[in-house]
Amino acid sequence: MRYYSTRSKNETANFTKAALTGLAPDGGLFVPEEIPQYPTPVISSLGTMGFLDIAFETIKPFVKGEITDNALIDIITSAFTFDAPLVPVADRYVIELFHGPTAAFKDFGARFMARAFSYLRRGEDLPLHILVATSGDTGGAVADGFFDVPGIFVTVLYPKGRVTPLQERQIAGLGNNIKALAVEGSFDDCQMLVKAALADESLQKRKALSSANSINISRLIPQAVYYSATAGKAALEYRSLPVTLCVPSGNFGNLTAGLYAMKMGAPVRQFIAATNINKTVPDYLDSGNYAARISQTTISNAMDVGAPSNFERMSAHFSLEDMRKIILGVSVTDDETTGTIVRIHNNTGYFLDPHSAVGWKGVDKLKADNKIGEGAVGILCTAHPAKFSEVVEPLIGSVPLPASLTNAMERTVSAKTIPADISAFIGILHEAH
Ligand SMILES: *Cc1c(COP(=O)(O)O)cnc(C)c1O
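FYI, numbering that gives the first Met the number 0 numbers position 67 of the sequence shown as 66, with every residue one higher than the one before it.
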């Protein structure tokens, strides 16, 4: 598969280069030249195929000629040791994406990426430096995915004081090849620093650098897998009708992966892009004007993004008109989010984390406006509620902690605080290793 930059069709790469460099040299994001199609027999059996088989069929065309079938099978078998169960709750499904080691959906992408990098760089001597900006969950998933992978160093940048104690331990508690920087600023500042460092020529000359944000195509592609698995199962259980899937969104990598799955042939009727008050994309779908802005802090902090990177990718594939046909935008306030956590727990006993609650409430609002068509409705539950116990427990009481999170809570945080300043950050990178 060939990939090209969202900013110039002349800037091309194969999967290996697109994955290992992260950002295109012109500052754009790599997108596949075309979105492949599942063979028809695969589409008709998505509902009954195993998760690993769907993963193989989904990822194979994107890495063809660069990762052998056998290597791909090894990578996905070792990455996807958990799947994405579809659970009926009240009048809809929830898709639990939080059964991985850091209890958020980002484990799917991060674990695949780490194993793919290790394969693609077999035989290399120069260590690879991975830079990652996080609003909370990415950093933990990437740190966990790459922890102790030989030949790879990871630097995670997170907004100081704006991640939860658990997230901070997942990011800054591992040590060894994982370094944590607490940035005095917002997630957008962290992202700006990573982009600036990746574009810095003096660094490029001396180090092999890459990113691990959802700007990296190798994290995005594996996320298409659970959309196809979910859509297949939901159609099987619900009169063969395509499903409407609601995606709690921040940087829009997850939704972009869903769009890929739909284009490949997964039976999705429509997507709902549910945001908190950082509603740049819902506003765009409404008005047709794209206006990035400064992010605002909310209780669904993994979605506090005012300038979503993957919007550039979405618009490389789809016009405004296309997007309006397949994506409904909706935004949800913190009060609506907490109200939803309480109401759903009281009515059904189900615990929603704040991000998933944004998705739930987004569906309620669109249903009230009669905007959702026939067929099943599924909400992607992007994190385990225990990961956001600071928000959830005062509302509905204690949430049982999965074993992976209990272990993480025992780690000690070790991070260096830095200002949101490009030259300070680049200086630190020059000194490192
Ligand atoms: C990252 C994250 C999101 C947002 O996903 P994007 O791909 O950035 O849109 C939503 N919920 C949780 C829990 C997350 O960690």
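In this text, a Cβ means the ideal position worked out from N, Cα and C, and glycines have one as well.
- Across the structure, Asn175 and Ala181 are spaced so that their CA atoms are roughly 17 Å apart.
- Between ligand 1 and Phe310, a heavy atom-to-CB distance of less than 7 Å is absent.
- Judged by DSSP secondary structure, Leu45 falls outside any alpha helix (DSSP H); it is assigned neither H nor E.
- With respect to the 8 Å criterion, Lys278 and Ser355 are not classified as neighbours on the basis of their beta carbons.
- In this chain, the alpha helix (DSSP H) harbouring Lys364 covers 353–367.
- When DSSP states are grouped into helix, strand and coil, Gln269 belongs to the strand group.
- Distance from the C-beta of Ala103 to the nearest heavy atom of ligand 1 is below 7 Å.
- In the structure shown, the three-state DSSP call for Asn9 is strand.
- If only uninterrupted alpha helix (DSSP H) runs of at least 4 residues are considered, those enclosed by the segment 50–77 are 50–62.
- By the C-beta density criterion, Asp106 is buried, having at least 16 other C-beta atoms within 10 angstroms.
- Given a length threshold of 3 residues, each whole run of the beta strand (DSSP E) inside the segment 148–217 is given here in chain order: 151–158, 177–183, 207–210.
- Taking the Cα positions, Glu200 is about 37 Å away from Val246.
- Annotation: Ile34 is outside any alpha helix (DSSP H) and is labelled neither H nor E by DSSP.
- When the Cα atoms are used, Phe29 and Ile220 turn out to be separated by approximately 12 Å.
- At a threshold of 7 Å, Leu254 counts as near ligand 1, since its beta carbon sits closer than that to one of the ligand's heavy atoms.
- For Ala132, the enclosing beta strand (DSSP E) has its first and last residue at 127–132.
- The shortest CA-to-CA distance from Pro31 to any of Lys386, Tyr259, Glu335 is the one to Tyr259.
- Excluding the 5 residues flanking it on each side, Val93 has same chain C-beta neighbours closer than 6 Å at Val86, Ile378, Cys380, in chain order.
- The three-state secondary structure of Ser330, taken from DSSP, is strand.
- Annotated three-state conformation of Gly396 is coil, per DSSP.
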